[in-house]
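Below is one structure, written out as structure tokens, with a few remarks after it.
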Amino acid sequence: MASIKQTLLALRLNLALVLGLNMASTLIMAEPLDQGADRPLGALASLRGQYRIILVDAQIPDAVARLRAEQPALDERDILWFMGDQGQGQVQTNYPGPLDARLKQELEQQFFSRSDAAVFLIGKDGGLKASAGELDLPALFARIDAMPMRRREMESGE
5 MASIKQTLLA LRLNLALVLG LNMASTLIMA EPLDQGADRP LGALASLRGQ
55 YRIILVDAQI PDAVARLRAE QPALDERDIL WFMGDQGQGQ VQTNYPGPLD
105 ARLKQELEQQ FFSRSDAAVF LIGKDGGLKA SAGELDLPAL FARIDAMPMR
155 RREMESGE
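Adding 4 to a residue's 1-based position in the sequence shown gives its number in my numbering.
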């Protein structure tokens, strides 16, 4: 009888530990950018659930100026953008904090060196939603606005 009680107690403790760790990791991942902006951003995955991401190759003329001109529309849609310069290791972005070298490598290896596309749209779920050869912001905004999550955001006034 005592061993059954000990086993149940051990199972309860393990469950409590797992739930506690899961809650802690969720809170860490949900940390707003302004609180974590002093730490270098090391991977796009850490933005999952909070932001949509537009990745742009530096070969597109005037991309930064066009993105900056649309900042209110980007903010409305929770979009961060990153412009990678293939081979140069340089990244421009509207992310407010520093970038880790690992992020620059991720952009080069996972996106720009593996595709002919120059623009990628990544959803809040972390999935690739679109890729294109040119930066057509109205088309990207229309695509985002048609997404179920974005429609819910618009309906709830977020």
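Glycine is no exception: its CB is placed at the ideal position from the N, C-alpha and C atoms.
| query | result |
| --- | --- |
| Do the stretch 101-112 and the stretch 42-59 meet, that is, are 3 or more Cβ pairs less than 8 Å apart? | yes |
| In this structure, how does DSSP classify residue 148 when only helix, strand and coil are distinguished? | helix |
| Quick one: measure Cβ to Cβ for residue 125 and residue 144, integer angstroms, because I've assumed they're closer than 8 Å. | 6 Å |
| Just to confirm, is the Cβ distance from residue 70 to residue 141 under 8 Å? | yes |
| Are the Cβ atoms of residue 134 and residue 147 separated by less than 8 Å? | yes |
| Would residue 78 and residue 115 qualify as a contact pair, given that the criterion is a beta-carbon distance under 8 Å? | no |
| Going by other Cβ atoms of all chains shown within 10 Å of its Cβ, with 16 needed for buried, is residue 56 buried or exposed? | buried |
| Are any of the Cβ atoms in chain D nearer than 8 Å to that of residue 150? | Among the chains of the structure shown, chain D does not appear; only one protein chain is present. |
| Looking only at its chain, what residues have a beta carbon closer than 7 Å to the beta carbon of residue 68, apart from the 5 residues adjacent to it on each side? | 87, 96 |
| What are the boundary residues of the beta strand (DSSP E) that residue 122 is part of? | Premise fails: residue 122 is in no beta strand (DSSP E) and is neither H nor E. |
| By DSSP, does residue 79 sit in helix, in strand, or in coil? | helix |
| So is residue 61 buried or exposed if we call it buried at 16+ other beta carbons inside 10 Å? | buried |
| For residue 154, name the three-state secondary structure that DSSP assigns. | helix |
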